[in-house]
């Protein structure tokens, strides 16, 4: 159950074409029968639980089969077994499953109640009343306060902020933590918080019906005879959190299951593992084989009755009407009962116990516990563990999943010097994790305490009043669209519309250039303790084509200057020719930054002539008010003024990856798992992160970018990519190598290509690629690549990509994400994993497994997943072996008992065989067995590949198991039969009776299957040993007890084997027979495995051999030297930046309430304030004697003296 009720519920059957509602009019709105805000995800109540649950359980073929068997067993004419042999295990199975279902449903009820009983302030009868969430209805007006969750989908009416703005955090919806701005209509904003005005508000809303589009809303408000358009900027969605806004009022448009959050949850499907699906097929085959065996025995009975049966009628007279045909008919059903153990009901109980145990291992794994957030890993389902060992495709979100969604100012290049790296005394670059000496910003009382920087030489350059460094940070403090909030003096909070902007302004703040406040026509900053106000004359806004933004400001001294920041390729084209050599040095630094996976920006400025600017401003005004080609005219003006720029330097921001992401992706790639990143971010962002996390690598042969805007363009780009990878590849999809499954679904097989390739595809191109006529073309090309990145994808497209791979590839898929926009993808995949981080809990609540960090995925798959799959496959192989062997002995015995449906074993042995004697040993193996430990599993990720290929359990493995059982049953029947034939005891008394034979056969069987279990087990523990030996001891204890005189005297019909155990098991020849039979059963297995290991060893055999040679825990893997990469590819400007914020800033619509009075409180640091001597590359010093990063010769020094402040001598 979701924190906000994010669970799929039944959609209303009525197709709603348009939503109509009236504010403060419940009677009118109730006539449309809209959904209330209540959430219901539970399945049962106290009255319906028992009948509904039993109905669901008996829909399983096996349960229904055993119910039929129970009915057959109460018919005396055909039952040769007591009813308790079936009813005891059946009741146990039903009880265990019912208890599990009841527990799950109780948790759903609790979650429902938790959400539905939250309190909201609702305007009812002209008063604000505290109502439960579930009682809120469409058309109600609700008051929200700061940090409260949005109750339902609301139309914003008014707020406490200027211009009726509100700030919302949408992390629960899209995983993004930066705040979004919403604004009410002016006509409703005038209502304010006046309860009387709000109660009199009777506006009517006509809008779209419930849908799952998070980024779009269309509707109209009719109020006071006027119509007002509504769009997404006027809507607050359920799942958002109100931030930095004291209060707001909203009108409920959609409630409960009709909210966009709920509509986005995707279709809930019952997930079953590939092992489950195979089991269903095998069980049907077993049913067919059971019917075949019973038919053979029934025919045998018919023939025997005709030929031999008449001789027995003297002392076994037949009932009237019983002839050979009727006897054969009864025999068929009798053998159905006797041979039912070929499909044992205990199999399903054991499977559930094994899955539950392996789920607990995930929950208890301390190595998947994230201490910082106190978040353990959680297996939210117990039915999919073994599927974790078969994953072939991983679909991952980016923001919040691979990255932390935290931007950090990491490095920079200023006037040809690189800052940010730290070196030791030998000149070797240190990792930040090895260097604890961070820069001390205590000289700056306005510094952000969370900001960390390691290179002391940069702050030293600031203190020494280096003009280029000052100009660099002045640009960062002025050229942006960030809003500052200062509720108490000195405590600054920045609201940035992109994390990049926030990181850059925060860096400038810490280095002494503090952005304090802004108005539509001014920017106030604190420069090294001095308050300065710059006149903001123009903002040349960012867009995806320009990839840069500029501001034109007038300094307090009256100087006009244009500051520009943007993608380096764009800025370099617009530089003055005097910057050519500085540009070369900066380019080298940019390549280094990009090689480290950092997001880079180039910074430049230009002094403007007053007269020219006035002319340009007039033309700018004319262009901005033009009705024709406004955008083109503005772009031409921007191009005109943004030229002949002077280069200042470049910044490098780290879009901080989660810990261990590159290593995890590398490990998963070695395990032959393909990773696709599906992100809503822009192409540059996604590519940059792809390189940072080793998904894309410089060593790849080629990375294809598909960005066509038409169907044919996309088709051609995909074909060109495929031809580059495999020149002889067929052009048309009908030539695909494929095989056909049921319902004529084509399965695309993997194509082998030389080299490694990557594919990047844009959202608009993906829309064409997912069309029916193109999907195979896209899938074929994508599957030939090592890594795939899909950019600008919608939540629906994420699910479509997953469904496409599921449909045409015989592979198990896993989707991992952290936001509500990932929910549909998570539900579509075979396995859904939620990241429980700072970006919300929506993905977690819809997932099958959850943990806090992406790096835990390798442990989930390579350790827990592989072990779970290995254990389940061993369990199934062994379980079928022991039960087939048990059952086939009955089949052979039928030929020696006149096909009379006489059991070869004692009834109590039949009842306890699966429940007591063999239950714990096989469970011990299935819960504790491991071929190699977790360290070896990480060192050899290739161990994961057999699971992807279904090598451990398949139809072939099943038939080999059946043949092995057939051989074992022949040995177990005929060796004891021949050993007891015409045999006497030591004292001359007869031992060749039915009861002695039954005892000997069942004892041989138990020893044989126990030894076979020992051969299957790779990892012996004290528990396993206790279970195996304890089960054998239990068998003898129970046997001697049940075959004792006392039990016979208590209930003679139930315990007929009086004295058999002490008579038979005291004979040496009986024990010799047991020994001989056990040896003959396992000898072929040992021989086969020895030859297989010697001649065709598997990867498991090879690694286990290495483990035996090591004799101890292997040493930790050698730490890899960090390779410093250089790269020709660099990231573009502010990838998460959106167009239009410049206009919003200059219009004043964005502005918050006035800040408190600005005072510096700044400790001035001049040239003589420090005794620090800069060292390291950025100081131009190297202990090795080799000058590092000294200024390039002949680089023109840019004069920036006009930026030097005239300081008060008293300071």
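In my numbering, the protein residues as written are 839 to 2049.
In this text, a Cβ means the ideal position worked out from N, Cα and C, and glycines have one as well.
First through last residue of the alpha helix (DSSP H) which encompasses residue i
{"i": "residue 1086", "result": "First-last for residue 1086: 1085-1092, but that is the beta strand (DSSP E), not the alpha helix (DSSP H)."}
{"i": "residue 1406", "result": "1406-1410"}
{"i": "residue 1451", "result": "1448-1462"}
{"i": "residue 1308", "result": "1305-1316"}
{"i": "residue 1648", "result": "Premise fails: residue 1648 is in no alpha helix (DSSP H) and is neither H nor E."}
{"i": "residue 1947", "result": "1937-1948"}
{"i": "residue 1804", "result": "1793-1818"}
{"i": "residue 1026", "result": "1024-1027"}
Three-state class that DSSP yields for residue i in the structure shown
{"i": "residue 855", "result": "coil"}
{"i": "residue 1961", "result": "Low confidence applies to residue 1961: its pLDDT is 45, below 50, so where it sits in the model is not reliable enough to give any reading."}
{"i": "residue 1711", "result": "helix"}
{"i": "residue 1486", "result": "strand"}
{"i": "residue 1877", "result": "helix"}
{"i": "residue 1703", "result": "helix"}
{"i": "residue 877", "result": "coil"}
{"i": "residue 1139", "result": "helix"}
{"i": "residue 1653", "result": "strand"}
{"i": "residue 1242", "result": "strand"}
{"i": "residue 1746", "result": "helix"}
{"i": "residue 1263", "result": "coil"}
{"i": "residue 1364", "result": "strand"}
{"i": "residue 1079", "result": "strand"}
{"i": "residue 1896", "result": "coil"}
Where the beta strand (DSSP E) containing residue i begins and where it ends
{"i": "residue 1544", "result": "1540-1544"}
{"i": "residue 1378", "result": "1368-1378"}
{"i": "residue 1225", "result": "No beta strand (DSSP E) contains residue 1225, which DSSP labels as neither H nor E."}
{"i": "residue 1064", "result": "1064-1068"}
{"i": "residue 996", "result": "991-997"}
Beta-carbon proximity of residue i to residue j, cut-off 8 Å
{"i": "residue 1813", "j": "residue 1898", "result": "no"}
{"i": "residue 1806", "j": "residue 1704", "result": "no"}
{"i": "residue 1533", "j": "residue 1491", "result": "no"}
{"i": "residue 1399", "j": "residue 1330", "result": "no"}
{"i": "residue 1686", "j": "residue 878", "result": "no"}
{"i": "residue 1166", "j": "residue 1145", "result": "no"}
{"i": "residue 898", "j": "residue 1006", "result": "no"}
{"i": "residue 1783", "j": "residue 1559", "result": "no"}
{"i": "residue 2058", "j": "residue 1073", "result": "Outside the shown range of the chain, which is 839 to 2049, sits residue 2058, and nothing can be said about it."}
{"i": "residue 1441", "j": "residue 1385", "result": "no"}
{"i": "residue 1849", "j": "residue 1754", "result": "no"}
{"i": "residue 1243", "j": "residue 1258", "result": "no"}
Nearest-angstrom Cβ-Cβ length linking residue i and residue j, presumed shorter than 8 Å
{"i": "residue 1761", "j": "residue 1183", "result": "So it is not a contact: roughly 15 Å between Cβ atoms."}
{"i": "residue 1495", "j": "residue 1531", "result": "6 Å"}
{"i": "residue 857", "j": "residue 1042", "result": "Not quite, the Cβ-Cβ distance comes to about 11 Å (not below 8 Å), so this is no contact."}
{"i": "residue 1091", "j": "residue 1052", "result": "No, residue 1091 and residue 1052 are not in contact; Cβ-Cβ is about 14 Å, not under 8 Å."}
{"i": "residue 1216", "j": "residue 1084", "result": "Actually they are not in contact, since the Cβ atoms of residue 1216 and residue 1084 sit about 36 Å apart, beyond 8 Å."}
Hey, is the region 1855-1864 in contact with the region 1724-1736, meaning 3+ C-beta pairs nearer than 8 Å? no
Report yes or no: do three or more beta-carbon pairs, one from the region 1345-1360 and one from the region 1309-1323, lie closer than 8 Å? yes
On the three-pair Cβ rule with 8 Å, is the region 1765-1780 touching the region 1699-1714? yes
Evaluate contact between the region 1023-1030 and the region 1044-1058, counting only Cβ atoms and requiring at least three cross-stretch pairs below 8 Å. no
Touch check for the region 992-1003 and the region 1031-1041: three-plus C-beta pairs under 8 Å? yes
Cβ pair count under 8 Å reaching 3, the region 1393-1404 against the region 1456-1465: no
Mind the definition here: the region 1625-1639 touches the region 1515-1524 only if three or more C-beta pairs lie below 8 Å; say whether that holds. yes
State whether the region 1221-1234 contacts the region 961-969, with contact taken as three or more CB pairs (one from each stretch) at a distance under 8 Å. no
Segment contact, 8 Å Cβ cut-off, at least three pairs: the region 1587-1596 with the region 1614-1623: yes
Would you check if there are 3 or more beta carbon pairs closer than 8 Å linking the region 1123-1143 to the region 1169-1183? yes
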